[in-house]
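Under our numbering, residue 328 is the last one in the sequence shown; the count climbs by one each step, no gaps. Where is the CB? At the ideal position from N, CA and C, for every residue including glycine. Just below is one structure, and these are the notes that go with it.
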Amino acid sequence: MNALHDVFDAAGVQAAQILGLWHVFVWTCTAVFTAILLVLIVALWRAPRSSGETPPDLASVDAPEPGPRRSVTTAAIASALGLVALVVASVFTDRALARMSLVDAVNIEVTAHQWWWTARYLNGPVSDSFVTANEIHVPVGKPVIVTLKADDVIHSLWVPSLAGKKDLIPGRTSKMHFRADQAGVYRGQCAEFCGYQHALMGLLVIAQPQAQFDAWAAAQRKPAPEPADARAIRGRDLFLSQSCAMCHAVQGTLANAQRAPDLTHVASRQTLASGTLPNTPSDLAAWIADPQKIKPGTNMPATQLSSEDLAALVAYLGTLK
Ligand SMILES: [Cu+2]
């Protein structure tokens, strides 16, 4: 999981625009802050010294003070101009973000749940669409339109290397546009507190060359392969006879519930449970045996299984490439 999660490392146009705006704000504010501190130091330096016994100096109360008045007026105008400049910079950035071409875009619908993500790929005819979870693949250099939805509470999708954050709100649909210009694995995170395991609600965005993306999408469209060896077959039967099939789907089997991550190609993913664990057989076994220990409060119950049954289930899930 060598994924990049870094606001200073823009891997796409949208993130680069936002980073540029951030620099304008930071340096403008730093300059203003430094100037104010300098003026304050000078003022303290030049202030008349006095003690408790010194009588108050009221000489200047009614006298005109053209010098200080000029300084204050100049500073007020400079502040106003500075603020206007920041507004102008924001407006230009906003327009630049909106101007990104969406020709030939990849359409993905992302639904947030407590505490995981569904990604539904919508390009082409309905028969071409497919579902995956917690890992989004996109082709490098192609615009991506993400339709954002939420299942339960408000979440926020934030992949800092690719785009700004945007809320996912139950009962409402919004859009986010981005383009990955460099291949790589970018980490995202839910950025709106959404309950107990909010911190463990990450995701990966994998930007890859078009040919690799097409191969990935073609593989994801396929139903799960039939398990070949005896242990995996037993695992499949356990999967269908245990509670698993009440929540999860594995396309090509009778399991088609939509209350949990689609597991049709779970073995092709890098992480488990929204970026919480690396996808290794031992982590998978630990997760199935007791998800509550790893992600307390998550909507998957622990399952009592003998160690052979657990190994069979892990072997079966491992075939779901
Ligand atoms: Cu959250």
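Proximity of residue i and residue j at Cβ, strictly below 8 Å
| i | j | result |
| --- | --- | --- |
| Val-273 | Leu-211 | no |
| Ala-140 | Trp-122 | no |
| Thr-271 | Pro-230 | yes |
| Leu-11 | Gly-191 | yes |
| Val-138 | Thr-125 | yes |
| Ala-224 | Leu-247 | no |
| Glu-142 | Arg-241 | no |
| Ala-105 | Gln-24 | no |
| Val-147 | Ala-214 | yes |
| Val-113 | Asn-130 | yes |
| Thr-326 | Pro-268 | no |
| Leu-149 | Ser-163 | According to the sequence provided, residue 149 is Lys. The question's Leu does not apply to it. No, they are not a contact pair. |
| Pro-285 | Thr-278 | yes |
| His-120 | Phe-220 | no |
| Gly-259 | Arg-194 | no |
Start and end residues, beta strand (DSSP E) containing residue i
| i | result |
| --- | --- |
| Ala-140 | 137-140 |
Range of the contiguous alpha helix (DSSP H) that encloses residue i
| i | result |
| --- | --- |
| Glu-315 | 314-325 |
| Gly-282 | From DSSP, Gly-282 is part of no alpha helix (DSSP H); its letter is neither H nor E. |
| Ser-248 | 237-248 |
| Ala-10 | Ala-10 -> no alpha helix (DSSP H), and no H or E assigned at all. |
| Gln-307 | Strictly speaking, residue 307 in this sequence is Met, with Gln absent from that position. Unbroken run through Met-307: none, as it is neither H nor E. |
| Leu-47 | 20-53 |
| Ala-225 | 217-228 |
Cβ distance (whole Å) where residue i is taken to contact residue j below 8 Å
| i | j | result |
| --- | --- | --- |
| Arg-316 | Leu-245 | Looking at the sequence itself, residue 316 is Asp, so the reference to Arg does not match. Confirmed, about 6 Å. |
| Arg-228 | Ala-322 | So it is not a contact: roughly 24 Å between Cβ atoms. |
| Arg-53 | Met-107 | That belief does not hold up - the Cβ atoms of Arg-53 and Met-107 are roughly 53 Å apart, past 8 Å. |
| Val-151 | His-184 | 7 Å |
| Asp-188 | Ala-18 | 6 Å |
| Ala-296 | Ala-280 | The Cβ separation is near 13 Å, so there is no contact. |
| Ala-92 | Leu-28 | The pair is not a contact, with the Cβ atoms about 12 Å apart (cut-off 8 Å). |
| Gly-74 | Val-39 | The Cβ separation is near 22 Å, so there is no contact. |
CB contact below 8 Å: residue i versus chain B
| i | result |
| --- | --- |
| Trp-52 | Judged by its chain identifiers, the structure shown contains no chain B, having just a single protein chain. |
Proximity test, residue i beta-carbon vs ligand 2 heavy atom, cut-off 7 Å
| i | result |
| --- | --- |
| Met-208 | Within the structure as shown, ligand 2 is missing, the only ligands being ligand 1. |
Quick check on the DSSP output: what are the complete beta strand (DSSP E) runs of length 3 or more inside the segment 67-124, in order along the chain? 113-120
Under 8 Å, with one C-beta from each stretch per pair, do the segment 236-252 and the segment 210-227 reach the 3-pair mark? no
Give the list of continuous beta strand (DSSP E) stretches no shorter than 3 residues that lie fully inside the segment 157-215. 162-165, 173-175, 181-186, 191-197 and 209-215
Using a Cβ distance threshold of 8 Å, determine whether the segment 156-168 contacts the segment 78-86, with at least three qualifying pairs required. no
Give a yes or no on contact between the segment 171-190 and the segment 146-163, applying the rule of three or more CB pairs nearer than 8 Å. yes
For the segment 299-306 and the segment 187-205, state whether three or more C-beta atom pairs, one from each stretch, are separated by less than 8 Å. yes
Could you tell me which uninterrupted alpha helix (DSSP H) segments, each at least 4 residues in length, are contained entirely in the segment 250-280, listed from first to last along the chain? 251-254
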